[in-house]
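First the structure, in the form of structure tokens, and then the observations on it.
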Amino acid sequence: MCSYLAMFPAGLAHAFIARYTRPGDVVLDPFSGRGTTPLQACAEGRMGIGNDLNPFAHLLTAAKLDPPAWAELVARLAVLRVRWSTESAVWLALGREAVESADLQSVRVPTAGGRDGDAPLPVEVALAFHPDTLGQLLFVRRALDLDERTDRFLGAALSGILHGKSQSYLTEVMPNTFSMAPRYVRDFVARTRFHSPQRDVFACLEMKLRRLYRQGLPPVRGIALLGDARDAGVRTLETLRRRSLPEGARLVVTSPPYLRVVRYGYYNWLRLWLLGFDPGAVDAALDDDHRLDGYLAFLRDVFAGLRPGLADDAVVVAVIGDVEFDRGRRMNGGVGLAETVWEAAAAPEGYRLAGVARDDVAAHRKMTKIWGDEAGRATKTDRILVMATSEAGRRRALVGSALPVDWTWPPRRPLRVV
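In the numbering used here, the protein residues as written are 20 to 437.
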């Protein structure tokens, strides 16, 4: 649906879901990101729950776990097109004004989601799009109510085609993986005299939706929670009780934020603008920029907070990436970080170790490779920490590790909405 930095593939989630759960079990990811783990759980007949403090991640997760029917999407898109046919002159004029004045000043545009008032349009947004495309984007941005299921899915899908290097994207000013810095956009446009080709937002969005629905919807609807991972266990338990579901997740598959590697607000600033979120506020709320001691203390709080939402024999799988350098300087404790996390954060909270697996990350499949060797901050190895909350869970983890996995699932072509 939409790229997201520092995520593991659906196949990894499947490997643990297949070994450690049965249909109907609850699978939890307290750092859900784009929702890979809970979506995979729902696709395999489990109850997937994804939690994230990042509102963009929550939106992606919620869109995937509670998607509208295809007919609802078609109807909503038709309504938007009809409204556009009657209002287009105003929005096209606004788009052209914004692009033409980008070198001088920003114009004020209506806020996202139909909220009252207006706000300055970032100059870099005006520079990135064709005037007519920008006019359509401003219209759709204003019209979508992200609290409503169908509009939320449309917003998430639109985020996925906002920028990229092919005709299916609305601008080619930057790659699809993440938003290049605003200064980069200004410099790139000035240096190359870039002019974005015109794209029809409605046509591109419809093509995206058709791709996403090519394989149908998962058989189970999941649950998306917005909040701090440190109290995800309590909120998970409360949610399960309200819905008369099993009181505890039998499996956690998650990847905590990499140590000082990713600023999720900054690297998604254009998508956040589209959705009406403030990138600076997102990064301030996430507070991911921890050094090692703070990172370990944070994860200890997370592991402690998970326990109320876990079943007695739960298995907890944490994918933790090594970080060799921090801003160009070699980091003490960044390699073998999973073992350090176990000793300093999980063991003190009463978890029992089943094992640590090593997953060498191929450079071509790691999004953080884009920073390159010079930046020196991308993770080279993911280590998979497997543990449990009880001896019964630890034994279950050890026995399950030897079970064969049916690799006919996921399908040869993974779920499009992942």
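Built from N, CA and C at the ideal position, the CB exists for glycine as well. Treat the numbers as computed from the prediction; the structure is a model and nothing was measured.
Three-state class that DSSP yields for residue i in the structure shown
i: ASP302; result: helix
i: PRO293; result: In the sequence as presented, Pro is not what sits at residue 293; that position holds Leu. If DSSP states are grouped into helix, strand and coil, LEU293 belongs with the helices.
i: GLY64; result: coil
i: ILE8; result: Because the chain is modelled from 20 through 437, residue 8 falls outside the range shown and cannot be assessed.
i: ALA175; result: helix
i: ASN195; result: coil
i: LEU156; result: helix
i: ASP71; result: strand
i: VAL364; result: For clarity, residue 364 is Ala in the given sequence; the question names Val instead. Correct three-state label for ALA364: helix.
i: ASP151; result: helix
i: LEU47; result: strand
i: LEU58; result: helix
i: ARG377; result: strand
i: ASP331; result: strand
i: PHE213; result: coil
i: HIS309; result: coil
i: TYR285; result: helix
i: GLY355; result: coil
i: THR427; result: coil
i: ARG38; result: helix
i: LEU24; result: coil
i: LEU422; result: coil
i: GLY30; result: helix
i: LEU189; result: coil
i: TYR277; result: coil
i: ARG218; result: coil
i: ALA200; result: coil
i: GLY52; result: coil
Residue i, buried or exposed, once every other Cβ within 10 Å from all chains shown has been counted against 16
i: THR211; result: exposed
i: GLY313; result: exposed
i: TRP426; result: exposed
i: ALA397; result: Bear in mind that the predicted position of ALA397 carries a pLDDT of just 47, short of 50, making it unreliable; the figure below should be weighed with that in mind. By the neighbour-count rule (16 or more Cβ atoms within 10 Å), ALA397 is buried.
i: TYR203; result: exposed
i: VAL360; result: buried
i: GLY347; result: Any reading at GLY347 must be qualified, since the residue scores a pLDDT of 46, below 50, and its modelled position is unreliable; no value is offered.
i: VAL109; result: exposed
i: ALA421; result: exposed
i: MET26; result: buried
i: VAL98; result: exposed
i: ARG171; result: buried
i: VAL101; result: exposed
i: LYS184; result: exposed
i: THR105; result: exposed
i: ARG134; result: exposed
i: SER112; result: Just to set this straight, residue 112 is Ala in the shown sequence, not Ser. Per the 10 Å Cβ criterion, exposed.
i: PRO86; result: buried
i: ALA394; result: Unreliable positioning characterises ALA394 in this predicted model, as indicated by a pLDDT of 42, which lies under 50. The coordinate reading is nonetheless provided below. Under this definition ALA394 is an exposed residue.
i: ALA251; result: buried
Cutoff 8 Å; reference residue i; Cβ partners in own chain excluding five residues on either side
i: GLU225; result: LEU96
i: PRO57; result: VAL46, LEU47, ASP48, SER51, GLY67, ILE68, GLY69, THR80, LYS83, LEU84, GLY241, ILE242 and ALA243
i: VAL334; result: PHE35, TYR39, ARG269, LEU270, VAL271, ALA373, VAL405, MET406, ALA407, GLY412, ARG415, ALA416 and GLY419
i: VAL375; result: ALA357, GLU358, TRP361, ARG402, ILE403, LEU404 and VAL405
i: SER187; result: ILE180, CYS223, MET226 and LYS227
i: LEU256; result: GLU266, GLY267, PRO327 and GLY328
i: CYS21; result: ARG53, LEU79, ALA175, ALA176, SER178, GLY179 and ARG290
Bridge partner(s) assigned by DSSP for residue i
i: ARG127; result: PRO139
i: LEU372; result: MET406
i: LEU340; result: A small fix is needed here, since residue 340 is Gly in this sequence, not Leu. DSSP lists ASP401 as partners of GLY340.
i: VAL144; result: VAL144 pairs with nothing; no bridge assigned.
i: LEU163; result: According to DSSP, which records beta bridges pairwise, LEU163 is partnered with nothing at all.
Spatial neighbours of residue i in its chain, beta-carbon cut-off 6 Å, leaving aside the 5 residues before and after
i: PRO237; result: CYS61 and ALA62
i: ALA121; result: VAL142, ALA145 and LEU146
i: ASN287; result: PHE75 and SER198
i: ALA363; result: LEU315
i: ALA1; result: This structure cannot speak to residue 1, because the chain is shown only from 20 to 437.
i: LEU140; result: ALA117, SER125, VAL126 and VAL128
i: GLY295; result: ALA131 and GLY132
i: ALA138; result: THR130
i: ARG65; result: THR40, ASP44 and VAL46
i: ASP247; result: LEU72
i: LEU259; result: GLU266
7 Å Cβ shell around residue i - same chain, five flanking residues per side excluded
i: TYR232; result: TRP89
i: PRO423; result: none
i: ALA32; result: THR55, THR56, GLN59 and VAL272
i: VAL78; result: Checking the displayed sequence, the identity of residue 78 turns out to be Leu instead of Val. Correct list, in chain order: LEU165, ARG171, GLY174, ALA175 and LEU294.
Short CB-CB distance (under 8 Å) between residue i and chain C
i: SER22; result: This model lacks chain C altogether, as it is built from one protein chain only.
Quiz prompt | Ranges of the beta strand (DSSP E) found wholly within the segment 223-273, counting only runs of at least 3 | solution = 242-245 and 268-273
Practice problem: Tell me the start and end of each unbroken beta strand (DSSP E) in the segment 75-135 that is at least 3 residues and wholly inside, in chain order. | Solution: 127-129
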